[in-house]
Amino acid sequence: MRIKLKNLLASITLLLFILVSGCQPASVLPTEKLILTVSIVPQKYFVERLGGDYVQVNVMVHPGQSPENYEPTPSQMVSISKSAAYVLIGAPFEKVWVDKLKTANPELLFFDSSQGIKRIAMIAHQHDQNGELQADPQSSEELDPHIWTSPATVKIQVKNIADLMKELDPTHAVVYQQNLDSFLADIDQLDQEIQTLLAPVTQRQFMVYHPTWGYFADQYDFTQIAIEIDGTEPSAQELAGIIDEAILDQVKVIIVQPEFSQRSAEAIAREIGGRVVAISALDYDWFSALRTLATTLAQSSN
Ligand SMILES: [Zn+2]
127 MRIKLKNLLA SITLLLFILV SGCQPASVLP TEKLILTVSI VPQKYFVERL GGDYVQVNVM
187 VHPGQSPENY EPTPSQMVSI SKSAAYVLIG APFEKVWVDK LKTANPELLF FDSSQGIKRI
247 AMIAHQHDQN GELQADPQSS EELDPHIWTS PATVKIQVKN IADLMKELDP THAVVYQQNL
307 DSFLADIDQL DQEIQTLLAP VTQRQFMVYH PTWGYFADQY DFTQIAIEID GTEPSAQELA
367 GIIDEAILDQ VKVIIVQPEF SQRSAEAIAR EIGGRVVAIS ALDYDWFSAL RTLATTLAQS
427 SN
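Residue numbers (the numbering used here): 127 to 428.
Okay, here's the thing in structure tokens:
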């Protein structure tokens, strides 16, 4: 009898402990901030829009650094270990580092925020002698990692991230859901705005140094022509070919971003009488970056 009572008391204590601490071992206490690590700055914006004051975000790649060849610093390795989850986006440097990070942080949850996004191919397009468009068979195998550059793909990501946040911090689940709803409404409004801006544009091709805007081009029926060839500056001969192509395609605008070289973009712009516009796809203000791109494309068609 005594033993049974003791067992009962132990069960009650355990139950109370579970009720107080929450069933999920990774959950945060109501007074603590939910700490998440992300790869790039736009993801920081996404998480902060969803979490407000309840979240703290570590960013791996800071503005001006390229996510293509980034390496985490020792202090960043420490911040990763203190977070509740690492929100992956599929940046090229993640492929190189994730295994190492997983070994160093066996308890840490690595969450793929790209679940449900249909990846598009990175197709470099070229013209043959007759001016026919041809897909480059060599690069058509590669999938485009820049999934944060279109409203459609970002809507999927922020829904995924909100689900993760609700699971890790159920105390604030209602707030996260409300913030998600208002975020999605703002994205829909941006989408409408971009559609209106781009509707009258007939010349639906733009040139970029680094092919960052593939998902934007895909959603709004544009063709993105990359200057960079396999991640490097084109040779003089290749540059001449790109200039011919830009003339053939009546390209008026070349988009560059601060993280990558602008030299060849300026050379092409001089030859075609076009202009170079700098827009960073790694800015915190995600809405502004997309709006600026849409406005630039709308203006350059006149
Ligand atoms: Zn890139």
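Glycine included, each C-beta is placed from N, C-alpha and C at the ideal position.
In this structure, Y196 lies near M186, with their beta-carbon atoms less than 9 Å apart.
Taking C-beta atoms under 8 Å as the contact rule, P200 and F219 fail to qualify, at a distance of about 16 Å. Of the residues Y335, E371, E174, the one whose Cα lies closest to the Cα of I405 is Y335.
The beta strand (DSSP E) runs of length 3 or more contained entirely in the segment 265-349 are, from start to end of the chain, 331-334. Membership of S165 in the beta strand (DSSP E) is indicated by the continuous run 160-166. Closest option to E385, judged by alpha-carbon separation, among G190, Q345, L306: G190. Between the alpha carbons of V173 and D225 lies a gap of roughly 24 Å. The DSSP-derived three-state label of R396 is helix.
At a threshold of 8 Å, H188 does not count as near ligand 1, since its beta carbon sits no closer than that to any of the ligand's heavy atoms. In summary, E371 is buried, with 16 or more beta-carbon neighbours lying within 10 Å of its beta-carbon over all protein chains present. Around the beta carbon of T338, a 10 Å sphere encloses 16 or more other beta carbons of the protein chains shown; the residue is thus reported as buried. Going by beta carbons, R175 and F309 fall inside the 9 Å limit. Taking the Cβ of P271 as the reference point, at least one heavy atom of ligand 1 falls within a distance shorter than 8 Å. DSSP, reduced to helix, strand and coil, places M186 within a strand of the structure shown. Taken through DSSP and simplified to helix, strand or coil, F386 comes out as coil. In this structure, the CA atom of Q350 is about 47 Å from the CA atom of T157. Taking every protein chain shown into account, the CB of L269 has fewer than 16 other CB atoms within 10 angstroms, so this residue is exposed. The beta-carbon distance between F237 and L290, rounded to whole angstroms, is 5 Å. This is short enough to meet the 8 Å contact definition. Straight through space, the alpha carbons of E392 and R401 are spaced by roughly 8 Å.
For Y212, DSSP records a beta bridge to T163, F236. Taking the Cβ atoms as the reference, G340 lies roughly 6 Å from H272, within the contact range of under 8 Å.
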